[in-house]
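The next block holds one structure in the form of structure tokens; read it before the comments.
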Amino acid sequence: MELYELNLYHLTEGLKAKKFSPEEVYESCKKRIDSCEENIHAFITRTDEVAKSQLNENNSGTLAGVPTVLKDNLCTKGIRTTAASKILGNWRPPYNASAWNYLRDAGAILMGKVNMDEFAMGNTCGNSAFGATRNPNDLSRVPGGSSGGSAAAVSAGYVPFALGSDTGGSIRQPAAYCGVYGLKPTYGMVSRYGLISYGSSLDQIGPFARTVRDLQLVMSVIAHYDPMDSSCFREKNYDFTHHENVSIKGKKFALVKEFQDFSLDPGIERAMKKTQEILQEEGAELVEVSLPVVSKYAVACYYALAMSEAHTNLERYDGVRLGYTVKDAAGIKEMFERVRSYGFGSEVKSRIIAGTCLTEPQRCEQYYVAATKVRTLIAQEFAKAFTQTDFILQPASPEMPPLIGSQDDDAMKGYQADLYTLPVNLAGLPGLSFFTGYYGDLPVGLQLIGPRWSDPAILEAGLVIERHTGTPEIANEGVK
Amino acid sequence: MKLTSEQVNDIALESRLLLTEQELAGATRYINNFLEILDSFKELDLTDVEPFSFAEVLECPLREDKVAAFPDAEAILHESEHVDGSYFKVPRIMEE
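Those protein sequences? They're chains A and B, same order as listed. Going by the working numbering, the residue at position 5 of the first sequence is 5; the numbering climbs one at a time, nothing skipped. Going by the working numbering, the residue at position 20 of the second sequence is 500; the numbering climbs one at a time, nothing skipped.
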């Protein structure tokens, strides 16, 4: 077995026992990247020199010597950070995202910054100024998005774990498409300081890995209170310690009544049935909950809020302090217009205009304020559901990874595909995207949702399911 | 009510975006489709519903209002092409 094939936990154990050195692990992962990257195109920026310098630091932390990659909307001091947009140019942030600081302090080695949809707006990883990433399980298909580069890197064996961000499903859907595990933590569980903002009340950083135990290990490092993020949890401690022999006996798992009539691709439908059998075999009880407002209004509510927040967050890109700029503008208005019109891609422009439209005084009450109230109803509906169940089981996406270029021109139809993931962000809940096996050559992932702050319990439920489904194989389609 | 392409163009200009004819046609279609979907909110009675907030946040977490030096101000200035000494320099603000 090559070192790049080891899962995170086994890698850390081997490094601690000095069975192999961090340099050997780095070389193995680098070789793997070199052999696949031309076909997969997961990276925006490789950081081999940074990695080599970190290898000389003699760190003895939890993740000492473990290679990783970061979605390119996480700020890295002195290292180009683009959010996959032309408008950020070659910006090198003057500070690190807190989540990266925690990983770095624990000894993780940065192999690079990976691809995403521009400013995390998209679900294919094809809406990037740096070109599309391909699914390592089938190069003709999308890896999902927006954190497609992170999911592809873990799936292809570049690194044992990666960080991404999830505003409406951007960790969970690509994890399912690429056949890895991904956790969207509770809003506030992981500091957002240094995450380039899209929808600030929805954004959350989280990990990808090839086993649930590996997600526990990463969460034990990044789930920190951070005074730099006012929405970060305080006065609570969360324990992500791995325990053997966890059980879900007597726990309730719900299906959503209103989702039962929605069509699913056959592979996903089969995975739903198989997972329910596993849960029953493990002594869990299957129940049903009703989420009528979620099922009918969540998509509209989500996009109204996400676009309104995006238009505000993206006002800062003006060409003055950072990124792409022009030097011959006649006045400041011309400069702003030229910089923003060239720097933003078309999806981002559409969302900025929509957000501006919804928050104008004459429409604000009717659309933006109404959406914030619908969000309250959605959160209340979930809170009520979690008095009747411990977890909700549902797909991460209704469809298997689409072929690259097959997406509908009507953006609204694409947004509907996010129905299973985005309500979780509206209510600030945790969601685990877990591997269930293969349908043909493609992996199939599903999703477990829990109440706020139930992240450790969701991962333990994931461990029980993983005992039945096994660990995903490293995808080899990218090998030249 | 549907927005005209002129109205959408005005909104784009407020956002400091200049659109090509093709982009404007796309954005007009996009926004009108979206507003139609948002009109579904009218089916809900939102009269006594409060706007959303995370229930656990009972107090606004404020920091002490204390001046502190950023450790590497030079790194911030270094990323801009519009710098004069220790300031950012912007083009003329007032229109002729």
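Virtual Cβ for every residue (Gly too), placed ideally from N, Cα, C.
Counted within 10 angstroms of its Cβ, other Cβ atoms place residue i as buried (16 or more) or exposed
{"i": "Phe208 of chain A", "result": "buried"}
{"i": "Glu381 of chain A", "result": "buried"}
{"i": "Ile573 of chain B", "result": "exposed"}
{"i": "Thr211 of chain A", "result": "buried"}
{"i": "Gln204 of chain A", "result": "buried"}
{"i": "Leu291 of chain A", "result": "buried"}
{"i": "Thr82 of chain A", "result": "buried"}
{"i": "Gly131 of chain A", "result": "exposed"}
{"i": "Leu403 of chain A", "result": "exposed"}
{"i": "Phe391 of chain A", "result": "buried"}
{"i": "His41 of chain A", "result": "buried"}
{"i": "Val479 of chain A", "result": "exposed"}
{"i": "Thr508 of chain B", "result": "buried"}
{"i": "Phe532 of chain B", "result": "buried"}
{"i": "Phe550 of chain B", "result": "exposed"}
{"i": "Thr76 of chain A", "result": "buried"}
{"i": "Gln216 of chain A", "result": "buried"}
{"i": "Ala223 of chain A", "result": "buried"}
{"i": "Tyr567 of chain B", "result": "exposed"}
{"i": "Asn58 of chain A", "result": "exposed"}
{"i": "His311 of chain A", "result": "buried"}
{"i": "Met1 of chain A", "result": "exposed"}
{"i": "Leu542 of chain B", "result": "exposed"}
{"i": "Met481 of chain B", "result": "exposed"}
Segment limits, alpha helix (DSSP H) that includes residue i
{"i": "Phe382 of chain A", "result": "370-385"}
{"i": "Ala254 of chain A", "result": "Ala254 of chain A -> not in any alpha helix (DSSP H); beta strand (DSSP E) instead, spanning 252-256."}
{"i": "Ser170 of chain A", "result": "Element bounds for Ser170 of chain A: n/a, residue is neither H nor E."}
{"i": "Leu11 of chain A", "result": "8-16"}
{"i": "Gly179 of chain A", "result": "It is not in any alpha helix (DSSP H) - Gly179 of chain A carries neither H nor E in the DSSP assignment."}
{"i": "Arg340 of chain A", "result": "332-343"}
{"i": "Pro361 of chain A", "result": "361-364"}
{"i": "Met272 of chain A", "result": "266-281"}
{"i": "His311 of chain A", "result": "292-313"}
{"i": "Gly405 of chain A", "result": "Unbroken run through Gly405 of chain A: none, as it is neither H nor E."}
{"i": "Ala83 of chain A", "result": "Segment: none, Ala83 of chain A is in no alpha helix (DSSP H) and carries neither H nor E."}
{"i": "Asp105 of chain A", "result": "98-105"}
{"i": "Gly145 of chain A", "result": "Counting along the chain, Gly145 of chain A falls outside any alpha helix (DSSP H), and DSSP gives it neither H nor E."}
{"i": "Ile458 of chain A", "result": "455-469"}
{"i": "Ala492 of chain B", "result": "485-494"}
{"i": "Asn137 of chain A", "result": "That residue, Asn137 of chain A, is in no alpha helix (DSSP H); it is neither H nor E in DSSP."}
{"i": "Asn425 of chain A", "result": "422-426"}
Nearest-angstrom Cβ-Cβ length linking residue i and residue j, presumed shorter than 8 Å
{"i": "Ala284 of chain A", "j": "Lys251 of chain A", "result": "5 Å"}
{"i": "Met335 of chain A", "j": "Val326 of chain A", "result": "6 Å"}
{"i": "Pro120 of chain A", "j": "Tyr198 of chain A", "result": "Reading the sequence as shown, one finds Ala at residue 120 of chain A and not Pro. Confirmed, about 5 Å."}
{"i": "Leu497 of chain B", "j": "Glu337 of chain A", "result": "7 Å"}
{"i": "Asn123 of chain A", "j": "Gln54 of chain A", "result": "Asn123 of chain A to Gln54 of chain A, Cβ: 33 Å. No contact."}
{"i": "Leu63 of chain A", "j": "Leu103 of chain A", "result": "6 Å"}
{"i": "Gly428 of chain A", "j": "Gln447 of chain A", "result": "About 16 Å; that fails the 8 Å criterion."}
{"i": "Glu282 of chain A", "j": "Ile248 of chain A", "result": "5 Å"}
{"i": "Gly169 of chain A", "j": "Pro185 of chain A", "result": "In fact, because the Cβ distance is near 14 Å, the residues do not count as touching under 8 Å."}
{"i": "Ala176 of chain A", "j": "Ser433 of chain A", "result": "5 Å"}
{"i": "Val294 of chain A", "j": "Ile378 of chain A", "result": "5 Å"}
{"i": "Leu442 of chain A", "j": "Met400 of chain A", "result": "5 Å"}
{"i": "Glu309 of chain A", "j": "Ser200 of chain A", "result": "6 Å"}
The beta strand (DSSP E) enclosing residue i, as first and last residue numbers
{"i": "Thr68 of chain A", "result": "67-71"}
{"i": "Gly286 of chain A", "result": "The identity of residue 286 of chain A in the sequence shown is Leu, whereas the question assumes Gly. 285-289 is the extent of the beta strand (DSSP E) around Leu286 of chain A."}
{"i": "Pro395 of chain A", "result": "391-395"}
{"i": "Tyr438 of chain A", "result": "431-439"}
{"i": "Val114 of chain A", "result": "109-114"}
{"i": "Leu442 of chain A", "result": "442-449"}
{"i": "Ala129 of chain A", "result": "Per DSSP, Ala129 of chain A belongs to no beta strand (DSSP E) and is neither H nor E."}
{"i": "Leu163 of chain A", "result": "161-165"}
heavy atom of the ligand HEM below 7 Å from residue i C-beta
{"i": "Lys569 of chain B", "result": "For the ligand HEM, the structure offers nothing, since it holds no ligand at all."}
Practice item. Say whether the stretch 273-287 of chain A touches the stretch 315-328 of chain A, bearing in mind that this needs 3 or more beta-carbon pairs closer than 8 Å, one atom from each stretch. Key: no
Check your understanding: Below 8 Å, can you find three or more Cβ-Cβ pairs linking the stretch 162-181 of chain A to the stretch 22-33 of chain A?
Key -> no
Review point. What beta strand (DSSP E) runs, 3 residues minimum, are completely inside the stretch 181-240 of chain A?
Key: 181-184, 205-209
Check your understanding: Between the stretch 138-148 of chain A and the stretch 91-106 of chain A, do three or more beta carbon pairs fall short of 8 Å?
Key -> no
Review point. Whole alpha helix (DSSP H) runs in the stretch 21-76 of chain A with 4 or more residues, listed along the chain?
Key: 22-40, 48-55
Practice item. Specify whether the stretch 71-89 of chain A and the stretch 109-116 of chain A touch according to this definition: at least 3 beta carbon pairs, one from each stretch, less than 8 Å apart. Key: yes
Check your understanding: Would you call the stretch 152-167 of chain A and the stretch 382-395 of chain A touching, i.e. three or more CB-CB distances under 8 Å?
Key -> no
Practice item. Go through the stretch 500-568 of chain B residue by residue and report every complete run of the alpha helix (DSSP H) that reaches 4 residues or more, in order. Key: 501-518, 553-558
Review point. Pairing CB atoms from the stretch 213-231 of chain A with CB atoms from the stretch 255-273 of chain A, are three or more of them under 8 Å?
Key: no
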